[in-house]
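Residue numbers for the sequence shown follow my numbering, beginning at 43 and rising by one.
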Amino acid sequence: MTVTIKPGCLYVVATPIGDVGDMSVRGRAVLAAVDQVAAEDTRTSAKLFDQLDLRTPLTAVHDHNEAHRVPGLIAKLQAGESLALISDAGTPLISDPGYRLIAAAHDAGIRVAPVPGPCAAIAALSVAGLASDRFHFEGFLPSRQGPRVARLSLLAEATPTLILYEAPHRIVETLEDLVATFGADRLATLAREITKTFETIKRATLAELLAWVMADSNQQRGEIVLVVAGAPERDAEDTRPLSAEAILRVLVRELPVKQAAGLAAELMGLKRNGLYDMALKLKQESDSP
Ligand code: SAM
43 MTVTIKPGCL YVVATPIGDV GDMSVRGRAV LAAVDQVAAE DTRTSAKLFD
93 QLDLRTPLTA VHDHNEAHRV PGLIAKLQAG ESLALISDAG TPLISDPGYR
143 LIAAAHDAGI RVAPVPGPCA AIAALSVAGL ASDRFHFEGF LPSRQGPRVA
193 RLSLLAEATP TLILYEAPHR IVETLEDLVA TFGADRLATL AREITKTFET
243 IKRATLAELL AWVMADSNQQ RGEIVLVVAG APERDAEDTR PLSAEAILRV
293 LVRELPVKQA AGLAAELMGL KRNGLYDMAL KLKQESDSP
């Protein structure tokens, strides 16, 4: 396939997440035809280029040098050179670098063109067997347990399906925290090593997934996406109890802390004092950027 490359255009090109056969024909043609390819790790991309028989010059653009590299790359694009952005695997900018470059290109009036393809989050969602009409992509959770549990507590009542990326050495801890915050019975799908030799897709409750991963250390290796069912929608007849935290979280968005704690105490028949401290904490969380 031959493509017509537009001068001064920045192409955002998805690359395989495992199986090199998933490189699109158009993606390869764009990578072959542009003047330069900005890559997250040029050594990783050099291997892909070997497999695809590509010779286009690679230049490194990663989290640590992106801010510094952007002005020079924008100047080249403005001078009419064409550039493609790739990451180590999958779709650039999806838990990968590139945001600053793309934003700067828009600011400079440079044309930005997507060349879509593999993305672990979407691949996992497509096989998860969980509602896919509305989903929330969270990416990586905080690595420390305190902030991770705080973040999961915020997400526990959300109804869209949740997509998480997780490192293999943290999968047990994260499943433990999910069981504690979302409940043992919530359905989830673990998608591991998608498109690779040891590809594993397992759908079960969070408690069952945790037991299965703990019993088999092979499940604690490789690359992992967790897709977690959203909280059930509530209707007017729903008799399931709401937690004080869930009620306060909504009230502090609209009301001063004291009033929110007072209303929650009245609604739940609880003492106001304990709720005040919780409301204060939630207010600080909701106000922080
Ligand atoms: N930009 C990539 C994408 O489009 O999916 C994601 C990059 S992010 C730095 C890497 C994470 O994506 C991994 O830690 C894992 O959670 C997930 N991932 C990437 N490839 C995967 C695969 N083949 N199977 C399962 N998860 C994968």
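Virtual Cβ for every residue (Gly too), placed ideally from N, Cα, C.
Does the Cβ-Cβ distance between E123 and Q93 come in under 8 Å?
-> Here residue 123 is taken as the residue at index 81 of the sequence shown, counted from 1. Here residue 93 is taken as the residue at index 51 of the sequence shown, counted from 1. No. Outside cutoff.
Just the C-alpha distance for A230 and L251, rounded to the nearest angstrom, thanks.
-> Mapped onto the sequence shown, residue 230 falls at position 188. Mapped onto the sequence shown, residue 251 falls at position 209. Looking at the two C-alpha atoms, the distance is approximately 8 Å.
For H104, the nearest candidate out of M310, V112, T98 (CA to CA) | As a working note, residue 104 is residue 62 in the sequence shown. That would be V112, whose Cα lies nearest to the Cα of H104.
For M43, is the classification buried or exposed, using 16 other Cβ atoms within 10 angstroms of its Cβ as the cut-off for buried?
-> As a first step, residue 43 must be located in the sequence shown, where it is residue number 1. Exposed, by the Cβ-count rule.
Give the single residue among P274, A307, R276, D280 whose Cα lies nearest to the Cα of E287.
-> Position 245 of the sequence shown, counted from the first residue, corresponds to residue 287. If we check each option's Cα against that of E287, A307 comes out closest.
Alpha-carbon to alpha-carbon, A162 and L100 = The count along the sequence shown starts at 1 and reaches residue 100 at position 58. The count along the sequence shown starts at 1 and reaches residue 162 at position 120. Whole-angstrom Cα-Cα distance: 24 Å.
Looking at C51 and the ligand SAM, is the gap between the Cβ and the nearest heavy atom below 7 Å?
-> Taking the sequence shown and counting its residues from 1, one reaches residue 51 at position 9. Not so, every heavy atom of the ligand SAM lies at least 7 Å from the Cβ.
Specify the secondary structure class of H148 as computed by DSSP and reduced to three states.
-> Counted from its first residue, the sequence shown places residue 148 at position 106. H148: helix per DSSP, three-state reduction.
Between D130 and T86, which are expected to be in contact by the criterion C-beta below 8 Å, what is the C-beta distance as a whole number of angstroms?
-> One-based indexing of the sequence shown puts residue 130 at position 88. One-based indexing of the sequence shown puts residue 86 at position 44. Right, their Cβ atoms sit about 5 Å apart.
Is the distance from the Cβ of L172 to the Cβ of A273 below 8 Å?
-> Locating residue 172 in the sequence shown gives position 130, counting from the first residue. Locating residue 273 in the sequence shown gives position 231, counting from the first residue. Going by C-beta atoms, L172 is not nearer than 8 Å to A273.
Can you list, in chain order, the residues of its chain whose CB lies under 8 Å from that of I144, leaving out five sequence neighbours each side?
-> Numbered from 1 along the sequence shown, position 102 holds the residue referred to as residue 144. Excluding residues within five positions, the ones whose Cβ falls inside 8 Å are L52, V54, L127, L135, V154.
Can you tell which of A102, A222, M310 has the C-alpha that lies nearest to the C-alpha of L125?
-> Walking along the sequence shown from the start, residue 125 turns up at place 83. That would be A102, whose Cα lies nearest to the Cα of L125.
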